[in-house]
Structures are given as structure tokens and as C-alpha cells.
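*Asks:* Numbering (mature numbering (1 follows the signal peptide of the UniProt record, and there is no 0)), first residue to last: -22 to -1, 1 to 302. All residues carry an ideal CB built from backbone N, CA and C; glycine is no exception. A quick note: this is a predicted structure, and the numbers were derived from the prediction, not measured.
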């Protein structure tokens, strides 16, 4: 999923850059870009990006990506790699805001920033989809999922790819538009992709909550399987991390749907504090929550061992050691 997202984004970006020069040709004389950015027709952000906020966001997101890379090497869970790749893509998108600070009228920089920032979360969502299936298999609790674990990943990742493509097409149309009608059409396509992604993720979150409720109600042994472990080593801690990740993604997705509903010139789009507070921060929480609770520490990439057999094996090992 992560590699596919990067390839698609690169293809779209290469096509867009070819038309940037034509897209930025207007008859209106270019004003001073720093005099009145809110009313500058050549400034797509409608504000001057803060280098301080950009540096903080870029550093934190990049740090999460680097740590996750080290964790994959140390503890495994390569199936979380889409999130890790998404971290690097998201950090790259944020980094383009440094260029927009110095050259706020650059449509090429805006296209790159916009596509990387708005499409990278698709990789985060895909990782959460895969993680639920892995947790279910780890607990041998597929019967409590409304959708079997082997299908839940396939169905929701397919949905994620579809909504990604819709958003990519809409974002490309809007970012490279040279007239209001094309920009409006692109924003509507992008909004449709965002709305579909939100509906899909809400459905996924509901399935996950039902799964947790059923385990708590009907499977006391599963709930207590890690009772002898420290709380941060219990599978319940990982389940809580996934819940927090879902909340962060839901906040961001809801914000983006409302933002696009207002149009590209709406008050939400023109506010940098809202961009960081309701988009970047929730996504940062959604990915950084796995730093203390990396799935590879809880779920072995190898064969899943039922808890009863695991306890029996541990008991036999203890007996053997005592005999020796």
C-alpha cells in the first residue's frame, strides 16, 4: 500500500509540474507577496507559512518515521511499513512549506505540498486496517469480528486505495486549475473521496469497537491473558493505542471534509493554526502513539500460538527448569 501510494503520487506530481507554468499565467500584475497575502490572487495558501511551526511539525513527524523504521528492524511488524513510509511522505509535504514561506506564490511548491500532505494519511489508515486483523489473529478471536480478519484487511485496504485515487484525481485537478470552474470541479471530486474515506473509516472503527466489546463480555480469558505482564506489555495497551490512532484519524478526516465543504477559499482553508491543530496534530498523535506500543512487541510475525497452548508450554518449561 505504501509503495503504491508513493508511485501514484509521483506520477500525479510529474504530470502536474508539466502544466505549472501554464497554470500560473494570469493577466493580473503580481503584487508584493508579503504585503497582503490574504487577498493575494497568486497565493494559494492565503497566508505566509510559519517557518517555526513548519520546523516543529517536520522534525516531529520525521522523528516518528525514523523511530518506526528502527522498530521494524528491531521488533518486526513489516506490515506496519505503510505507516512508516507515510510518515516520510507526510514530513516531505510539510517540508515544502519552507519553500512556500519564501515564495508564497509558487504554484509548483503548493501542488507538491498539498498532494503529499493530504494523501499521506491514506497510508496511516491502511496500517490501522491491517493491525486490527493482526490483533484478531493474535488473540484467536476472529469469531468476534463482524468481518473475518482475512477479509477485513482486503476490503478496507481496497476501499482505502479507491478513495486515495479519487482524492488524488480531485487534488490534482484543484491544485493545477487555471480557472474557478475547474478548481470547483476538482474540489468536489476530492470532497467525494474524503467523504467516502471517512465513511469507510467510521465503519472500520465501529467494527473494532464491537470487537472489543464482545471480547470483554464473552472472553474473560483473553482479557486476562497478559495479567502477569506490565500494563504497557499487555495486548490491551496495543488495543488502546489503535483506539487513539482511530480517534486522531477521525478528527482529521472530519476536519478535511468540513474544510472542503466550504471550498478552497473558506475560513478553515485559510487558517494555519487550524491546519496544524485539526490536521497535523491529530495525525501526529495517530502515528506517534505506536512508539511506546509498537505492534511488533506484542504480535509475533510468525505462527500464532493459542493462549492455552502458550500457557502449557510455559508450564512445561518451568517444570523442566525445576527438575534440572
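#1: Just the C-alpha distance for residue 153 and residue 93, rounded to the nearest angstrom, thanks.
#2: Going by beta carbon distance, what residues of the same chain come within less than 6 Å of residue 271, once the five residues before and after it are set aside?
#3: Could you check if residue 261 is buried or exposed, using at least 16 other CB atoms within 10 Å of its CB as the buried criterion?
#4: By alpha-carbon positions, which one of 137, 16 and 35 ends up nearest to residue 263?
#5: So, does the segment 166 to 173 touch the segment 136 to 147, judging by three or more C-beta pairs under 8 Å?
#6: With a floor of 4 residues, list each alpha helix (DSSP H) that falls wholly inside the segment 154 to 238, ordered by position along the chain.
#7: Grab me the residues of residue 88's own chain with a C-beta within less than 6 Å of its C-beta, minus the 5 sequence neighbours each way, in chain order.
#8: Measuring straight from C-alpha to C-alpha, what distance separates residue 239 and residue 165?
#9: Considering only C-alpha positions, which residue in the set 237, 199 and 229 is nearest to residue 118?
#10: In terms of alpha-carbon separation, which member of 229, 134, 207 and 212 lies closest to residue 186?
#11: For residue 24, name the three-state secondary structure that DSSP assigns.
#12: Do you know how far the Cα of residue 197 is from the Cα of residue 99?
#13: Report the rounded CA-to-CA distance for residue 128 versus residue 96, giving the unit in angstroms.
#14: Comparing alpha-carbon positions, which option in 56, 26 and 161 lies nearest residue 104?
#15: Out of 79, 180 and 78, point me to the one whose CA is closest to residue 106's CA.
#16: DSSP three-state label for residue 258, please.
#17: Is residue 143 near the ligand SAH, going by C-beta to nearest heavy atom under 6 Å?
#18: I'd like to know if the segment 75 to 91 and the segment 155 to 162 are in contact, where contact means that at least 3 CB-CB pairs between them fall below 8 Å.
#19: Within the same chain, show all residues whose beta-carbon is closer than 6 Å to that of residue 277, passing over the 5 residues directly before and after it, in chain order.
#20: Looking only at its chain, what residues have a beta carbon closer than 6 Å to the beta carbon of residue 7, apart from the 5 residues adjacent to it on each side?
#21: Count the other CB atoms, across all protein chains shown, that sit within 10 Å of the CB of residue 230; report buried if there are 16 or more and exposed otherwise.
#22: Locate the alpha helix (DSSP H) running through residue 17, then write down its first and last residues.
#23: Residue 302 by DSSP, collapsed to three states: which one?
#24: Could you compute how far the alpha carbon of residue 19 sits from the alpha carbon of residue 71?
#25: Would you kindly work out how many angstroms separate the C-alpha atoms of residue 211 and residue 66, rounded to a whole number?
*Replies:* Inspection of the coordinates gives the following:
#1: Each residue's Cα considered, the two are about 8 Å apart.
#2: 215, 216 and 219
#3: buried
#4: 35
#5: yes
#6: Counting only runs of 4+ residues, the alpha helix (DSSP H) found wholly inside the segment 154 to 238 occupies 158 to 196 and 198 to 201, in chain order.
#7: Taken in chain order, the residues that qualify are 22.
#8: 9 Å
#9: 199
#10: 134
#11: If DSSP states are grouped into helix, strand and coil, residue 24 belongs with coil.
#12: 33 Å
#13: 28 Å
#14: 56
#15: 180
#16: helix
#17: The ligand SAH is not part of this structure, which contains no ligands at all.
#18: No: the two stretches stay apart, fewer than three of their Cβ pairs being nearer than 8 Å.
#19: So the list reads 112 and 116, once near-sequence residues are dropped.
#20: Non-local C-beta neighbours of residue 7 in its own chain, meaning closer than 6 Å and more than five positions away in sequence, are absent.
#21: Taking all protein chains in view, the Cβ of residue 230 is crowded by 16 or more other Cβ atoms within 10 Å, so the residue is classified as buried.
#22: Run containing residue 17: none; DSSP gives neither H nor E here.
#23: Here residue 302 scores only 37 on pLDDT, less than 50, and its place in the model should not be relied on; the value that follows carries that caveat. Taken through DSSP and simplified to helix, strand or coil, residue 302 comes out as coil.
#24: 22 Å
#25: 27 Å
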